[in-house]
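Trainee: Position in the sequence shown (first residue = 1) + 3 = this note's numbering.
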Amino acid sequence: MPDLIRVANGQGFWGDSIDAPVNLVHGGPIDYLTLDYLAEVTMSILQRQKLADDTRGYAHDFVSLIDKILPHLLEKNIRVLANASGVNPAACLSALKEVINRHECDPVRIGIVEGDDLMPQFESLVKDGHRFEHLDTGEPLGERVSKVTVANAYISSFPMAEALDRGAHIVLTGRVIDPALTLAPLVHEFKWSKKDYDLLAAGTVAGHIIECGAQATGGNTSRWWEVEDYAGIGYPVAEAQADGTFVITKQEGTGGVVNRESVTEQILYELGDPENYISPDVVVDFTSFSLEENGENRIKISGARGKEPTDSYKVSMAYHGGYKATGQLTVSGPRAVEKAEAVADMIWKRLENAGFSYEETRTELVGAGAIFEPGKSDPSDLPELNLRLGVRDPDREKVARFGKEIAPVVTNGPPGITGYAGGRPKPQKIMAYWPTLIPKDIVDVSVRVEEVK
């Protein structure tokens, strides 16, 4: 059993820095590289891609990354865990095989964890009486059942640890709870059991801290002006020990900062009940552990406590929730705030006079208090601002009609209206989020390892 395992996270979401994981591989000693590509909205996007093209539905950036760093991974014995397979593990695996086959290298073992995607059994689950009650409101899914397009369970770390036990160099999975990408290597290396609740809690805390990439190393930190070299910000590394203590740090020579503030702010991210942070592996008490300085850019965390997990998986669902469109105009000149409000009122009245009403409308004066108080303008006399208008409705044609009222204002409204570009706002499908729970015993998670030569 090793004394210390270094787990680095190079992606906090799909769209994060393309250089970060490369820099982590080249920048210093790490044992595992984790890559978190998925968010709730990402799953909906991937499902739409797959429905349009059965060769898509995964994070294709991941395949390009592996093509770039594979020789270095094998040379340095760095193993990779990624939730890049999204809703199409077969397509992701196929693309990854093509990349590996182009390299003259030793065989690469790929672990594939499946079972999070509930869509293949969704109809039977409905017939069996599952109501899919909303996690916050308790409302059953009801008539939305027919509109569901994606449903994925947040599975645990142990299937990924099993893939590592079976020798996988790269572990591919779909929807897992984000900290599991970090916890799985620790379970594998330190042989933690499913009942080692305190140790699993510690690994979950470590994963929670590094799951969003550079948010733990100075990104989004409140005292941003104290952060040096944002351009070269380093991504986080968790140095973990078998007893559950770990240090959050970053590689030497990189920008950013690791201190109590940066780590604490990330700890509070999406936390919920701090004494009962629920994961599929363990329920964590986030009030139990302590943080202490352990040198420059090093925070040591110890004392995490956990308890028995629940018997359910959280499920992220999305259903077709109608259509939306958003249009934007730049309003300039004297009395810009007053003018923008008049333009908005004019557009809404024109639509009303034409017989159109909407399930929801939104008016935002961006630059005049819209971010902190949507719909309420700042009374100060700003010289310019952006007027952003939006609608939502089940009727696609009504939403399309809204888009035809934006451009005319440039010539048939007050002076100083510019910034109209990109054509008429077009209706876009809304994928509405629906969180729910499902018993663990009806989710069949499978693990296989394939050798690619």
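Glycine residues also receive a C-beta, built at the ideal position from the N, C-alpha and C atoms.
Values in this document were obtained by computation on a predicted structure and should not be read as measured data.
1) Restricting to runs no shorter than 3 residues, where is the beta strand (DSSP E) found entirely within the stretch 225-270?
2) For T176 and G89, what's the separation of their Cα atoms in angstroms?
3) Taking 8 Å as the cut-off, does the stretch 251-268 touch the stretch 221-240 (at least 3 CB pairs, one atom from each stretch)?
4) When you compare the CB positions of A205 and F249, do they come within less than 8 Å of one another, or not?
5) So who's on the other strand from H323, going by DSSP bridges?
6) Between S315 and the rest of its own chain, which residues show a CB-CB distance below 8 Å, the 5 nearest in sequence each way excluded?
7) What do you reckon, are the CB atoms on P418 and G325 nearer than 8 Å?
8) I need the DSSP call for V44, collapsed to helix, strand or coil.
9) For T207, report the span of its alpha helix (DSSP H) as first-last.
10) Report buried or exposed for P377, applying the criterion of at least 16 other Cβ atoms within 10 angstroms of its Cβ.
11) For I433, which residues in the same chain have their Cβ closer than 8 Å to its Cβ, ignoring the five residues on either side in sequence?
12) Which residue from P283, E278, N297 puts its Cα closest to that of T290?
13) In chain order, what residues of the same chain lie with their CB nearer than 7 Å to the CB of A93, ignoring the 5 residues before and after it?
14) Assign W227 to one of two classes, buried (16 or more other C-beta atoms within 10 Å of its C-beta) or exposed (fewer than that).
15) When you compare the stretch 205-215 with the stretch 240-248, are there three or more beta-carbon pairs, one atom per stretch, that lie closer than 8 Å?
16) If you draw a straight line from the C-alpha of I302 to the C-alpha of G247, how long is it?
17) Per DSSP, R9 is paired with what?
18) Between K342 and P428, what straight-line distance do the alpha-carbon atoms span, to the nearest angstrom?
19) Flag this pair as yes or no: are the beta carbons of H288 and G309 separated by less than 8 Å?
20) Which of the three DSSP states, helix, strand or coil, is assigned to P377?
21) What separation, rounded to the nearest whole angstrom, lies between the Cα atoms of P312 and G18?
22) For Y35, collect the residues of the same chain with a Cβ closer than 6 Å to its Cβ; drop the 5 residues on either side in sequence, then sort them by chain order.
23) Cutting at 8 Å between CB atoms, please list the residues of its own chain near D109, excluding the five before and the five after it.
24) DSSP state of S293, grouped into three classes?
25) Could you please give the first and the last residue of the uninterrupted alpha helix (DSSP H) stretch that includes L76?
26) Name the two residues that bound the continuous alpha helix (DSSP H) containing T414.
27) Name the DSSP bridge partner or partners of G156?
28) What's the C-alpha gap between L38 and L84?
29) By Cβ distance, which residues of its chain are closer than 7 Å to E388, with the 5 residues on each side in sequence left out?
30) Tell me the DSSP secondary structure of A85 in three-state form.
31) Provide the residue span of the alpha helix (DSSP H) that contains S97, from first to last.
32) Taking CB distances under 8 Å as the criterion, tell me whether A357 reaches chain C.
Mentor: In short:
1) 239-243, 249-253
2) Residue numbering aside, residue 176 sits at position 173 when the sequence shown is read from its first letter. Residue numbering aside, residue 89 sits at position 86 when the sequence shown is read from its first letter. Answer to the nearest angstrom: the Cα atoms are 7 Å apart.
3) yes
4) Counting from one through the sequence shown, the residue named residue 205 turns up at place 202. Counting from one through the sequence shown, the residue named residue 249 turns up at place 246. Yes, they are a contact pair.
5) Residue 323 sits at position 320 when you count from the first residue of the sequence shown. Paired residue(s): M434.
6) What you label residue 315 is simply residue 312 of the sequence shown in a count that begins at 1. Counting only Cβ-Cβ distances below 8 Å, and skipping sequence neighbours, we find L440, I441, P442, K443.
7) As a first step, residue 418 must be located in the sequence shown, where it is residue number 415. As a first step, residue 325 must be located in the sequence shown, where it is residue number 322. The answer is no: Cβ separation not under 8 Å.
8) Along the sequence shown, one-based indexing puts residue 44 at 41. Helix at V44.
9) In the sequence shown, counting from the first residue as 1, residue 207 sits at position 204. From DSSP, the alpha helix (DSSP H) with T207 extends over 200-213.
10) Along the sequence shown, one-based indexing puts residue 377 at 374. Any reading at P377 needs caution, since the residue's pLDDT is 47, under 50, leaving its predicted position unreliable; the model's value is listed next. Looking at its Cβ environment, which holds fewer than 16 other Cβ atoms inside 10 Å, P377 is exposed.
11) Locating residue 433 in the sequence shown gives position 430, where the first residue counts as 1. Once the five neighbours on either side are set aside, the close Cβ partners of I433 are H323, G324, G325, Y326, K327, R395.
12) On the sequence shown, residue 290 is found 287 positions in, with the first residue counted as 1. Checked all of P283, E278, N297; the closest Cα to T290 is E278.
13) Counted from its first residue, the sequence shown places residue 93 at position 90. Contacts found: none.
14) Position 224 of the sequence shown holds residue 227. Classification for W227: exposed.
15) yes
16) As a first step, residue 302 is located in the sequence shown; it is residue number 299 there, counting from the start. As a first step, residue 247 is located in the sequence shown; it is residue number 244 there, counting from the start. Those two C-alpha atoms are separated by around 14 Å.
17) Taking the first residue of the sequence shown as position 1, residue 9 is located at position 6. For R9, which the question treats as bridged, DSSP gives the partners E242.
18) If you number the sequence shown from 1, residue 342 lands on position 339. If you number the sequence shown from 1, residue 428 lands on position 425. So the two alpha carbons sit approximately 22 Å from each other.
19) Mapped onto the sequence shown, residue 288 falls at position 285. Mapped onto the sequence shown, residue 309 falls at position 306. A small correction: the amino acid at residue 288 is Asp; His does not occupy that position in the sequence shown. Contact: yes.
20) Position 374 of the sequence shown, counting from 1, holds the residue named residue 377. Only weak support exists for where P377 lies, its pLDDT of 47 falling under 50; the value from the coordinates is given anyway. Three-state DSSP puts P377 in coil, outside helix and strand.
21) Position 309 of the sequence shown, counting from 1, holds the residue named residue 312. Position 15 of the sequence shown, counting from 1, holds the residue named residue 18. Answer to the nearest angstrom: the Cα atoms are 32 Å apart.
22) On the sequence shown, residue 35 is found 32 positions in, with the first residue counted as 1. Contacts found: V10, R82, P188.
23) Position 106 of the sequence shown, counted from the start, is the residue given in the question as residue 109. L77.
24) For this step, residue 293 is matched to residue 290 along the sequence shown. The answer is strand: DSSP assigns S293 an E or B state.
25) In the sequence shown, the residue the question calls residue 76 occupies position 73. Here the alpha helix (DSSP H) through L76 covers 63-79.
26) The sequence position of residue 414 within the sequence shown is 411, counting from 1. T414 -> alpha helix (DSSP H) spans 412-415.
27) Position 153 of the sequence shown holds residue 156. The sequence shown places Ala at residue 156, rather than the Gly named in the question. A156 is bridged to V318.
28) Counted from its first residue, the sequence shown places residue 38 at position 35. Counted from its first residue, the sequence shown places residue 84 at position 81. About 6 Å.
29) For the purposes of this step, residue 388 is identified with residue 385 of the sequence shown, where counting begins at 1. With the sequence shown as reference, residue 388 is identified as Leu, and Glu is not the correct amino acid for it. Correct list, in chain order: V334, A339, V340, A343, L368, V369, G370, A371.
30) Your numbering for residue 85 matches position 82 in the sequence shown. In the structure shown, A85 sits in a strand (DSSP, three-state: E or B).
31) Counting from 1 along the sequence shown, the entry for residue 97 is found at position 94. S97 -> alpha helix (DSSP H) spans 92-105.
32) Here chain C cannot be found, since the structure has a single protein chain.
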